[in-house]
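Accompanying notes for the structure given below.
Protein chains in written order, with this note's numbering: chain S, 317 to 757; chain G, 417 to 712.
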């Protein structure tokens, strides 16, 4: 009798457990909340066409890159995944992401993607994701504070001294804590490396022999110590130690993006080293209730990052990144996943998002469209993209970038440039071996 | 035990085995994950890239790195500071003082204190982080209420006193536990014993130090055991409030491990850090468990 009861209850539990398992048919997607305005209309269009629900996993932007890597390695990631373009090759090399060569053949809109941008998301000659946008980096400045400080606008700094002088003037005349904020430290991850360190590094020495980079591509070695790295750290030291042009804590705020943007909107931030997305993201990346372009232009302006001004260095610097969406290699329904991918990137949805959110186009059919061409901001930003560069995204870059962030964190801690560079070099040698690290005198 | 069992239970091996199953699953999972971390601490496994598939055994390299590379020892020192001042000194002492002060009192005063102490405990870590960052920034409560009215320059506390702010916020957050535990412990001390000491002429200090404290010594040890383990491995509040910074000022071991494992992607090294943390917490626990034993 009892055995029967037990068997019954075990059976009941088993049935209940089986029913509680998610239905495997539906396709899932994970994306950061700030990309919702591109992804969500795509999801709706897919659901309407396919007649089945999409499992949409919207995640906060903070820690998104780590979450994706962890989910992919644990085998729990969604079928379709948004990724930062610089991690695509590394994720692909681990076999986590599906190559898109079949899609390239079958999808008629694939041909419009710009070749150079597909290279960023390629590994071993295969494309692994489709880019959503690209970007350029620049210095945004607050017009109210510049007016109060008596700095002429449009502001066109020619070298680092001009930036520092403007920062000092803003600080003295207005008393704001963050007169020139150059992203630093480990909390914001890649943003500190790219928006801050790289932009300065590129203008800190001549481009010859990769002297203004993190990697010497000809010899295939990481650069452990160079005049460019030291000059860049000197700039950080001036900002954070000598002149105190920015507070350290804002680089570690609970929500850094929100903290920085609130300061700018409240006229408490003089100059911000950031990127082209700020024209929308300063208020809302998804473009909800944001001021008109004229109102935005009244609040802040931008100027290209000047080089250091030393002989042989570039007049202005730039580096581009961007995001991408790809398909999980372990996805059980790759066909549906690819269908969702192409629905999101369908020209109607993708083109509208690009122009509405002031993103830099990654496809020629969008960049040639009359709406894109007519946008004054996008036209100006695209001009600065002419001479842009990319990251040194050789395998291992993520660790190099983390060491760079630690270098800037050491400066925040009050360390000397000498010590910060020495630790960086030791770190590189430990990661890659003495034979893969080079020093420039 | 078997004698007390109902006969149908004793005679039914399958049922006994089924009853044992949840415990086995739980213990198995715990052992499995610890074993996993232990094994991978001897490898160069990475989160992404080639070494996530093609990892190899590297012997004690990761453990050597703990001492040869910058980071671990600094983070350990920060963790010790954080644990000592926020848990052992802050939460424990403050909790004890509150419990002693409110002992025997009833009414509104006690309710107000208890509710406010509990509020900190009940608030989610992320909310607490936003709260403390708002309170301590340049235009925050402390500056507008205590500094600016007296003509003092406002200070952004997280710039220069990040560790102190983090310690204070953790004291604020965690005192409730110690308070509750000590309140219960003090209730177990008989009133007549304390009064007998009073009759014998012991001062209030002597009564606390020589009568009450020895009686609740096991409770103190239990409390220290718990809060040390929690605080030593504490992550969310610090990470949300300062992310380990500015610079490395508040980089405790838990944050260091997170960065190495998931930001840089060195799972092998991250595992070695976690095993080291396990060893340190284990040693501390042994010390406390000794304390728990009655003196012979």
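Positions of the beta carbon are idealized from the N, C-alpha and C atoms, including for glycine.
Would you tell me roughly how many angstroms separate the C-alpha atoms of residue 486 of chain G and residue 543 of chain G, rounded to the nearest one?
Their backbone Cα atoms lie some 32 angstroms apart in a straight line.
Counting contacts by CB-CB distance shorter than 8 angstroms, is residue 663 of chain G in contact with chain S?
yes
Strand pairing of residue 476 of chain S, partner residues [DSSP]
For residue 476 of chain S, which the question treats as bridged, DSSP gives no partner whatsoever.
So, for residue 564 of chain S: in the same chain, excluding its five sequence neighbours on each side, which residues have a beta-carbon less than 7 angstroms away from its beta-carbon?
Answer for residue 564 of chain S: 556 and 728, listed in chain order.
Can you check whether the C-beta of residue 575 of chain G is within less than 8 angstroms of a C-beta belonging to chain S?
yes
Cβ distance (whole Å) where residue 417 of chain S is taken to contact residue 649 of chain S below 8 angstroms
Contact flag wrong, Cβ pair sits at about 19 angstroms.
N- and C-terminal bounds of the beta strand (DSSP E) containing residue 453 of chain S:
453-458
One or two residues paired with residue 397 of chain S in a DSSP bridge:
S:346 and S:642
Reference residue 440 of chain S; option with closest CA among S:425, S:447, S:451 and S:414:
S:414
Short check: CB of residue 661 of chain G to CB of residue 560 of chain S, under 8 angstroms?
no
Taking the straight line between their C-alpha atoms, what separation do you get for residue 677 of chain G and residue 687 of chain G?
8 angstroms
Given this structure, state the Cα-to-Cα distance separating residue 439 of chain G from residue 654 of chain S, to the nearest angstrom.
43 angstroms
Please tell me whether residue 725 of chain S has its Cβ less than 8 angstroms away from any Cβ of chain G.
yes
Nearest-angstrom Cα distance between residue 474 of chain G and residue 568 of chain G?
56 angstroms
Going by alpha carbons, who is nearest to residue 619 of chain S out of S:595, S:725 and S:351?
Each of S:595, S:725 and S:351 was checked against the Cα of residue 619 of chain S, and the nearest Cα belongs to S:595.
Any idea what DSSP makes of residue 719 of chain S, helix, strand or coil?
helix
Within 8 angstroms (strictly less), CB to CB, does residue 519 of chain G reach chain S?
no
Looking only at its own chain, which residues have a Cβ that is under 6 angstroms from the Cβ of residue 537 of chain G, when we skip the five neighbours before and after it?
Only 592 meet the Cβ criterion.
How many angstroms separate the CA atom of residue 625 of chain G from the CA atom of residue 631 of chain G?
10 angstroms
Please list the partners that residue 658 of chain G has in chain S, where partner means a Cβ-to-Cβ separation under 7 angstroms.
568
Using a C-beta cutoff of 8 angstroms, does residue 589 of chain G count as contacting chain S?
Look at residue 589 of chain G: its C-beta is not under 8 angstroms from any C-beta on chain S.
Select from S:614, S:724, S:647 and S:637 the residue whose C-alpha is nearest the C-alpha of residue 344 of chain S.
S:647
Taking 8 angstroms as the CB-CB limit, is residue 502 of chain S close to chain G?
The Cβ of residue 502 of chain S sits closer than 8 angstroms to at least one Cβ of chain G.
Taking only runs of the beta strand (DSSP E) that begin and end inside the region 624-669 of chain S, which ones reach a length of at least 3 residues, in chain order?
638-643
Among the residues of its own chain, which have a CB less than 6 angstroms from the CB of residue 572 of chain S, if the five just before and after it don't count?
Closer than 6 angstroms at the Cβ level, and outside the excluded window around residue 572 of chain S, lie 504.
Output yes if chain S places a C-beta closer than 8 angstroms to the C-beta of residue 436 of chain G; else output no.
With respect to chain S, the C-beta atom of residue 436 of chain G has no partner C-beta closer than 8 angstroms.
Within the region 368-416 of chain S, note down every full beta strand (DSSP E) run reaching 3 residues or more, in order along the chain.
Within the region 368-416 of chain S, the runs of beta strand (DSSP E) that reach at least 3 residues and sit entirely inside it are, in chain order, 370-375 and 396-400.
Beta-bridge partners of residue 676 of chain S, as assigned by DSSP
BP columns for residue 676 of chain S point to S:450.
Under 7 angstroms Cβ-Cβ, which residues of chain G neighbour residue 414 of chain S?
Residues of chain G passing the Cβ test: none, with the nearest at roughly 15 angstroms.
Local Cβ density within 10 Å of residue 698 of chain G, reported as buried at 16 or more and exposed below that:
Flag for residue 698 of chain G reads exposed.
In the DSSP assignment, find the unbroken alpha helix (DSSP H) run with residue 534 of chain G in it and report its ends.
Where residue 534 of chain G is concerned, the enclosing alpha helix (DSSP H) stretches over 524-538.
Can you tell which of S:374, S:407 and S:540 has its C-alpha closest to the C-alpha of residue 742 of chain S?
For the set S:374, S:407 and S:540, the Cα lying nearest the Cα of residue 742 of chain S is the one of S:540.
So what's residue 469 of chain S in DSSP terms, helix, strand or just coil?
coil
8 angstroms Cβ cutoff met for residue 489 of chain G and residue 498 of chain G:
no
Rounded to whole angstroms, what is the Cα-Cα separation between residue 679 of chain S and residue 433 of chain S?
9 angstroms
May I have the straight-line CA-CA distance separating residue 598 of chain G from residue 612 of chain S, to the nearest angstrom?
Using only the alpha carbons, I get a separation of about 57 angstroms.
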